[in-house]
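Numbering (our numbering), first residue to last: 29 to 412. Glycine included, every Cβ here is placed at the ideal spot set by N, Cα and C.
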Amino acid sequence: DMKAERALAGREMLVGVAGCVAQAEGAEIIRRSSAVDLVIGPQTYHRLPDVLARVRGGEKIVETDYAIEDKFEHLPQPKRAEVIKRGVTAFLTVQEGCDKFCTFCVVPYTRGSEVSRPVAQIVAEAERLAEAGVREVTLLGQNVNAWHGQGEAKGGRTEEWGLGRLLFRLAEIPGLARLRYTTSHPRDMDDELIAAHRDLPALMPYLHLPVQSGSDRILKAMNRRHTARDYLALLDRIRTARPDIALSGDFIVGFPGETEADFEATMELVRQVNYASAFSFKYSPRPGTPGAEMSDHVPETVKDERLQRLQALLVKQQQDFGLSLVGSTIDTLIEKPGRQAGQKVGRSPWLQPVIVDEKAGEIGDIIQVRITKTGYNSLFAELA
29 DMKAERALAG REMLVGVAGC VAQAEGAEII RRSSAVDLVI GPQTYHRLPD
79 VLARVRGGEK IVETDYAIED KFEHLPQPKR AEVIKRGVTA FLTVQEGCDK
129 FCTFCVVPYT RGSEVSRPVA QIVAEAERLA EAGVREVTLL GQNVNAWHGQ
179 GEAKGGRTEE WGLGRLLFRL AEIPGLARLR YTTSHPRDMD DELIAAHRDL
229 PALMPYLHLP VQSGSDRILK AMNRRHTARD YLALLDRIRT ARPDIALSGD
279 FIVGFPGETE ADFEATMELV RQVNYASAFS FKYSPRPGTP GAEMSDHVPE
329 TVKDERLQRL QALLVKQQQD FGLSLVGSTI DTLIEKPGRQ AGQKVGRSPW
379 LQPVIVDEKA GEIGDIIQVR ITKTGYNSLF AELA
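See the structure below:
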């Protein structure tokens, strides 16, 4: 095999498996394939230098055990030069894990329970990013709106903060003009977070809020712990707070037991919400999850047909949203050179790429542009 050939040629080759699958299957991966030298989970990447040294000493390593809060102590601190090279947008991890235990999802088993990164660490990293020229930060977490932590209060005290309060604090950082967060769960959209959408100009009017299905029966089987009506009522509150907000979502078709009526309920929910963008997938069993043990699995041909119908509707809604912006004036953050000579690419408040003339502004500028036409996934604009 390739590994043996390289050894004969005096060239080292180590084979590793990393990520959520590695976390879920652990030693079973090495049992199935003797060529694998190491298995490492997403919470233990900071141990990789030590793991590689041990592998070179002849060990086979499975490194998946962790204290989840330990990861935040080992996150690499990006150097200023590295941040500048990456550009004017950045991701900032604030939360890990999930306690929701949706029956289709492996995340609680591979990423562990919900743990929030401390306020001081988050603010310090955001300040470093802004000082290096980052204009837009997206807060990341498997269930990011479950974030909570101890923050400053009046009189030198501390008090419990939620994600909304954290966003207000980050919006105070000089130079940081735009904030986003993903991915969220409907049950964790509290009043303070909705108020942040209302009161914070820096918080972009775009929200990714997965629902997965429009059928209450399927939502219950998924252990989502909300109904379609709950979700729609929540969106009404959010849209009242921020009328220009655009919505994105996730959908799974063909969950075990899904009937045509269940699927049509999903289609009806999509029609009511009118998404600006969404992600949709066929259900596939994840080993170790309750969904994998359910009976009445939907045939692949039925999943395929339903997915095509759902995606056709979602694509139409996305295109209609883009067309609705033609002729309007919007703010655009210029991010990078365009693919074509004479172009630069910006980002709309709703996350679409915006193609402008290269003379419209410098990278990092936020400029006002008038939308002239749409592409498949992008907008074209001129200076307003």
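(1) Determine the contact status of T121 and L80, defining contact as a CB-CB distance below 8 Å.
(2) Would you mind stating whether A304 and W378 have Cβ atoms separated by less than 8 Å?
(3) Measuring CA to CA, which of H236, T210, R267 is closest to I222?
(4) May I have a chain-ordered list of the alpha helix (DSSP H) segments no shorter than 4 residues that lie completely inside the region 35-90?
(5) Return helix, strand or coil for D244, following the three-state DSSP convention.
(6) Measure the alpha-carbon distance for W189 versus G179 and round it to whole angstroms.
(7) Under 7 Å Cβ to Cβ from D216, same chain only, skipping five residues before and after it: list those, please.
(8) Quick one: what's W175 bridged to in DSSP?
(9) Any chance the CB of E386 is under 7 Å from a heavy atom of the ligand ADP?
(10) Just reading off the beta strand (DSSP E) that A119 is part of, what are its end residues?
(11) Along the chain, where does the alpha helix (DSSP H) containing D332 start, and where does it finish?
(12) Express the C-alpha separation of S376 and P233 in angstroms, rounding to a whole number.
(13) Could you tell me the distance, in whole angstroms, from the CA atom of P214 to the CA atom of R156?
(14) With a cut-off of 8 Å on the beta carbons, I'd call R139 and E124 a contact; round off their distance for me.
(15) Y404: buried (16+ other C-beta within 10 angstroms of its C-beta) or exposed?
(16) Looking at the secondary structure, which residues open and close the alpha helix (DSSP H) in which Q149 lies?
(17) What does the alpha-carbon distance come out to for the pair G44 and N302?
(18) Residues in the same chain with beta-carbon distance under 6 Å from F349, minus the five sequence neighbours each way, listed in chain order, please.
(19) Is L231 helix, strand or coil by DSSP?
(20) Of all the options Q347, T211, F309, A409, which has the alpha carbon lying nearest to the alpha carbon of V397?
(21) Please look up how many angstroms separate the CB atoms of R414 and L204, rounded, as I've assumed it's under 8 Å.
(22) Kindly give me the distance between the Cβ atoms of K364 and E386, rounded to whole angstroms, as I take these residues to be in contact under 8 Å.
(23) Cα separation between K421 and Q240?
(24) Just to confirm, are S356 and I383 a CB contact at a threshold of 8 Å?
(25) So, helix, strand or coil for R114, using DSSP?
Quick answer:
(1) Within the sequence shown, residue 121 is the residue found at index 93, counting from 1. Within the sequence shown, residue 80 is the residue found at index 52, counting from 1. No, Cβ-Cβ distance for T121 and L80 is not below 8 Å.
(2) For the purposes of this step, residue 304 is identified with residue 276 of the sequence shown, where counting begins at 1. For the purposes of this step, residue 378 is identified with residue 350 of the sequence shown, where counting begins at 1. If you check the CB distance, A304 and W378 come in under 8 Å.
(3) Start at 1 with the first residue of the sequence shown, and residue 222 comes out as number 194. Per the Cα distances, R267.
(4) 48-53, 55-60, 76-84, all fully within the region 35-90.
(5) Numbered from 1 along the sequence shown, position 216 holds the residue referred to as residue 244. In the structure shown, D244 falls within a helical segment according to DSSP collapsed to helix, strand and coil.
(6) By 1-based counting over the sequence shown, the position of residue 189 is 161. By 1-based counting over the sequence shown, the position of residue 179 is 151. CA-to-CA, the gap between W189 and G179 works out to about 6 Å.
(7) The count along the sequence shown starts at 1 and reaches residue 216 at position 188. Only residues of its own chain outside the window of five on either side were considered, and among them N171, N173, A174 have a CB closer than 7 Å to the CB of D216, listed in chain order.
(8) Translated into positions along the sequence shown, residue 175 becomes position 147. Listed as beta-bridge partners of W175 by DSSP are no residues whatsoever.
(9) Of the ligands one can find in the structure shown there are none, so the ligand ADP has no counterpart to examine.
(10) By one-based count along the sequence shown, residue 119 stands at place 91. Reading off the sequence, residue 119 comes out as Phe, not Ala. Unbroken beta strand (DSSP E) run through F119: 117-121.
(11) Here residue 332 refers to the residue found at position 304 when the sequence shown is read from its first residue. For D332, the enclosing alpha helix (DSSP H) covers residues 328-352.
(12) Taking the sequence shown and counting its residues from 1, one reaches residue 233 at position 205. Taking the sequence shown and counting its residues from 1, one reaches residue 376 at position 348. So the alpha carbons of these two residues sit roughly 10 Å apart.
(13) Numbered from its first residue, the sequence shown carries residue 214 at position 186. Numbered from its first residue, the sequence shown carries residue 156 at position 128. If you take the alpha carbons of P214 and R156, they lie about 31 Å apart.
(14) Numbered from 1 along the sequence shown, position 111 holds the residue referred to as residue 139. Numbered from 1 along the sequence shown, position 96 holds the residue referred to as residue 124. That belief holds up - the Cβ atoms of R139 and E124 are roughly 6 Å apart, short of 8 Å.
(15) Taking the sequence shown and counting its residues from 1, one reaches residue 404 at position 376. Y404 should be labelled exposed.
(16) Translated into the one-based positions of the sequence shown, residue 149 becomes position 121. Unbroken alpha helix (DSSP H) run through Q149: 147-159.
(17) Along the sequence shown, read from residue 1 onward, the residue named residue 44 stands at position 16. Along the sequence shown, read from residue 1 onward, the residue named residue 302 stands at position 274. G44 and N302: Cα-Cα distance of roughly 43 Å.
(18) For the purposes of this step, residue 349 is identified with residue 321 of the sequence shown, where counting begins at 1. Around F349, the same chain offers A304 as residues with beta carbons nearer than 6 Å, after the five sequence neighbours per side are excluded.
(19) Counting from one through the sequence shown, the residue named residue 231 turns up at place 203. For L231, the secondary structure class from DSSP, reduced to helix, strand or coil, is strand.
(20) Here residue 397 refers to the residue found at position 369 of the sequence shown. Ranking Q347, T211, F309, A409 by Cα distance to V397 puts A409 first.
(21) Summary: the structure shown does not reach residue 414, with the chain confined to residues 29 through 412, and so no result is reported for it.
(22) Here residue 364 refers to the residue found at position 336 of the sequence shown. Here residue 386 refers to the residue found at position 358 of the sequence shown. Under the criterion of beta carbons closer than 8 Å, K364 and E386 do not qualify as touching, at roughly 11 Å.
(23) This structure gives no information on residue 421, because the portion of the chain shown stretches from 29 to 412.
(24) Within the sequence shown, the letter at position 328 stands for residue 356. Within the sequence shown, the letter at position 355 stands for residue 383. No. Outside cutoff.
(25) What you label residue 114 is simply residue 86 of the sequence shown in a count that begins at 1. Here R114 sits in helix by DSSP.
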